[in-house]
């Protein structure tokens with residue numbers, strides 16, 4: 019028996035409602051769960067908004083550190099003696115042989131962002147040779163938030 023095109027269209031337009039075949043008491047329970055999910059979504063939206071506000075607050079606090087990092091990475095300034103000492107360096111220095119300074123001065127930290135991104139567990143494996151060439155020129159990465167004009 020062949021169905022006409024019109025009959026097929028009618029079948030496609032019928033929405034399948036898995037709850038329709040359930041007793042009213044079970045449908046009521048499912049509706050209660052849907053209401054809980056709606057309330058969960060409201061709480062989650064508030065949570066996400068508060069997290070966003072917190073991220074924005076701390077981004078502002080991080081900015082001076084990011085600017086100092088840029089200054090050193092780009093070679094615009096030299097790290098101070100105080101900035102140059104890190105608590106883990108003493109142990110590492112005792113094990114490693116010192117590398118001689120090059121004859122010509124190297125400004126900043128060459129290929130800093132390429133190396134940082136290569137070391138990242140998820141991003142590193144995605145970097146191609148072509149990407150590497152471009153990333154060698156990268157001198158800064160910044161995060162900004164687009165103002166909400168609503």
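Numbering (the numbering used here), first residue to last: 19 to 168.
For every residue, glycine included, the Cβ atom is placed at its ideal position computed from N, Cα and C.
Values in this document were obtained by computation on a predicted structure and should not be read as measured data.
Counting only residues of its own chain and dropping the five nearest sequence neighbours on each side, residue 88 has a CB closer than 6 Å to the CB of 158. Judged by DSSP in its simplified three-state form, residue 116 adopts coil rather than helix or strand. Residues of the same chain with a CB within less than 8 Å of the CB of residue 48, apart from the 5 flanking positions on each side, are 37, 40 in chain order.
Between the alpha carbons of residue 53 and residue 70 lies a distance of about 26 Å. Put simply, the backbone Cα of residue 91 is about 12 Å away from that of residue 155. In terms of Cα proximity to residue 123, the closest of 152, 23, 58, 93 is 93.
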